[in-house]
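Heads up, the thing below is written out as structure tokens.
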Amino acid sequence: MWPNDEFLKQDNLEITSNFNRCIDLYRKRSESWTTVLWTDHSIREWLQTHYPQFISTFDAYPFQIQRVDAARYFILYHYGGVYMDMDIGCYRTKDIGDLVDYMEASGKLVALPQTDPVGLSNDVMFASKNSTFFREAIDALPTKNRWFGIHYLTVLYSTGSLFLSLLYYNQKPLERRQIAIIPPRLYTERETRYFRHLPGSTWHGKDQWIVRHWFVLVLAIILFLIMLLLLWNRRPLRFRRKQSKLK
1 MWPNDEFLKQ
11 DNLEITSNFN
21 RCIDLYRKRS
31 ESWTTVLWTD
41 HSIREWLQTH
51 YPQFISTFDA
61 YPFQIQRVDA
71 ARYFILYHYG
81 GVYMDMDIGC
91 YRTKDIGDLV
101 DYMEASGKLV
111 ALPQTDPVGL
121 SNDVMFASKN
131 STFFREAIDA
141 LPTKNRWFGI
151 HYLTVLYSTG
161 SLFLSLLYYN
171 QKPLERRQIA
181 IIPPRLYTER
191 ETRYFRHLPG
201 STWHGKDQWI
211 VRHWFVLVLA
221 IILFLIMLLL
231 LWNRRPLRFR
241 RKQSKLK
């Protein structure tokens, strides 16, 4: 069920020393794992060969990070394996093969990390080849390619972690049973986590924080819209009160 392939995505052509250390660590982890480094150019060529029907959507994305997001879903569906962003490191005392073994033993076809307090991330993902979940993901991508008012929300909802989270939450109970959720204690908590975020993220500063905490942005937008709605509803009421006083 599981090919021993591990994918790391290069979002730009400059590989920093942190990225090099990360790649070397994975390569030394186990000789049975094959590490594939994808570049922006190689991804487009690969999609043109295997999924030419998606190229028009791929090229239409206004932001490069959307193309990166979309490509990772296609790669995991097509090959299976493990996908990691290049700023994801692992600990020498931890073996991510343990997570793969757990998935095989429990019949899970996909594993996604949970962010704290809610939502899922797409910077680390495990999948068997031709999984139903990632088939649904790549089928949904063209329908979500819209502008949502601001840069962050557009990326998050069209291809990013919000897109992935909503897809998961809309799964039927039987389909959800095929998906393992990597809890925060294995993903982010310092003492027990398998992964760490290295300096050198291709989403810099505030961008990186917002992508990994998308629920904060969504909550802020919802609260802002509620405030606008309340203010809008109060205006006619004030106007009517003034009119009644004049009479």
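When you line the sequence shown up against the UniProt record's numbering, it's residues 1 to 247, in that order. C-beta atoms are modelled at their ideal positions from N, C-alpha and C, and glycine is treated no differently. None of the values given here were measured: they were computed from a predicted structure.
Residues bridged to residue i [DSSP beta-bridge criterion]
i    : result
M125 : Y83
P113 : I182
W33  : In DSSP, W33 forms no bridge with anything.
I88  : H197
L120 : Q114
W147 : DSSP, once it has assigned bridges, lists no residue as partnering W147.
Same chain only: Cβ atoms within 7 angstroms of residue i, ignoring 5 sequence neighbours per side
i    : result
H197 : D87 and I88
P113 : L120, S121, V124, I182 and Y187
Y51  : F74
L76  : Y83, M125, A127 and F134
Where residue i sits in the DSSP three-state scheme
i    : result
W46  : helix
L229 : helix
K206 : A caution first: K206 carries a pLDDT of 49, below 50, which makes its placement in the model unreliable, though a value can still be read off. In the structure shown, K206 sits in a helix (DSSP, three-state: H, G or I).
Beta-carbon proximity list for residue i, same chain, < 6 angstroms, skipping 5 on both sides
i    : result
L141 : A70
T159 : Q66, D69 and A70
Nearest residue (CA-CA) to residue i, options the options
i    : options                  : result
D116 : S42, L229 and E189       : E189
K129 : T49, Y79, S56 and F163   : Y79
E191 : F163, K94, S165 and Y152 : K94
A60  : L99, V155 and R176       : V155
P184 : F195, R177, K144 and W33 : F195
R193 : I96, L166 and T49        : I96
K144 : P173, S106 and P62       : P62
T39  : T57, W33, S56 and Q64    : Q64
Cutoff 8 angstroms; reference residue i; Cβ partners in own chain excluding five residues on either side
i           : result
residue 248 : Because the chain spans 1 through 247 in this model, residue 248 falls outside it and cannot be assessed.
L229        : none
H41         : none
K108        : Y102, Q178, I179 and A180
E175        : T132 and F133
A111        : L99, M103, M125, F126, A127, I179, A180, I181 and I182
When the Cβ atoms of the region 73–86 are set against those of the region 143–156, are three or more pairs found closer than 8 angstroms? no
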